[in-house]
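Right, one structure below, let's go through it.
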């Protein structure tokens, strides 16, 4: 389990997030909801070690990791898929995936093949195009590649930053179905996502972040049903909430139907 205890972090002398307490359990999908600039990306970067901790502690399975390097955190089970996909356009799909296995390269070729088979089972479009350059992929395919690369290190906790950014509604639905499936593998997912409607619909638990602090938490369904959350983050007025709740329930049911069919 990933645990954050009263953490603070930022850039230089500027503190961006503070007094954050949060937990992600194995097989649990936890959503971070908040506007641009709320501190969601800063929080993920702090967990993965890209930003130093100013206060508090970060633990994985009861062991503190906040003094570990980013590389060591990957080895311990933290994988971070940053905003903007950031695939290597000039490399093949397979080489991109192999880079995700780099910290585990000493496990040998058989372990690499096994992990490639695992991610290709989840992302068949990648399996069909391993020799192609990643730069030839569409935005949605590159996002799938970025997530698959993050899974190559066999993470216990996967940090996802805005995976639906810039994608069409159909591709967004595909990405969220794939994210939901990871729970069955026992992987804990911490999802920072501006598409609050979709993220709350599939989240087991969620935290609302404003001005770098957690101001509210609850199950995804609980937060979806709060009028203040609906109006502020989903763009729904109180009068329109009932109709939108029906849409959300329909969407959630469709996601469950797709997942149960596998």
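In the numbering used here, the protein residues as written are 114 to 375.
Every residue gets a Cβ at the ideal spot worked out from N, C-alpha and C, and that includes glycine.
Keep in mind the model is a prediction, meaning the values are calculated, not measured.
Looking at the backbone, the Cα of residue 117 and that of residue 312 are separated by about 21 Å. Per DSSP, residue 132 is not a residue of any alpha helix (DSSP H); the beta strand (DSSP E) it occupies stretches across 127 to 137. Counting other Cβ atoms within 10 Å of its Cβ, residue 228 reaches 16 or more and is therefore classed as buried. Within 10 angstroms of the beta-carbon of residue 209 lie 16 or more other beta-carbons, which makes it buried.
In this structure, the straight-line span from the alpha carbon of residue 315 to that of residue 204 is close to 33 Å. A direct Cα-to-Cα measurement between residue 155 and residue 275 gives close to 12 Å. For residue 323, no alpha helix (DSSP H) segment is defined; the enclosing uninterrupted segment is the beta strand (DSSP E) at 318 to 323. A buried status is given to residue 152, since no fewer than 16 other beta-carbon atoms sit within 10 Å of its beta-carbon. Taken through DSSP and simplified to helix, strand or coil, residue 232 comes out as helix. Taking all protein chains shown into account, residue 308 has 16 or more neighbouring C-beta atoms within 10 Å of its C-beta and is therefore buried.
Scanning its chain for C-beta atoms nearer than 8 Å, with the 5 sequence neighbours on each side dropped, one finds around residue 288 the residues 253, 256, 257, 260, 276, 277 and 280, in chain order. If you ignore the 5 residues before and after residue 269, its C-beta comes within less than 6 Å of the C-beta of 190, all in its own chain and listed in chain order.
For residue 271, DSSP records a beta bridge to 192 and 302.
A direct Cα-to-Cα measurement between residue 306 and residue 222 gives close to 35 Å. Rounded to the nearest angstrom, the gap between the Cα atoms of residue 217 and residue 207 is 16 Å.
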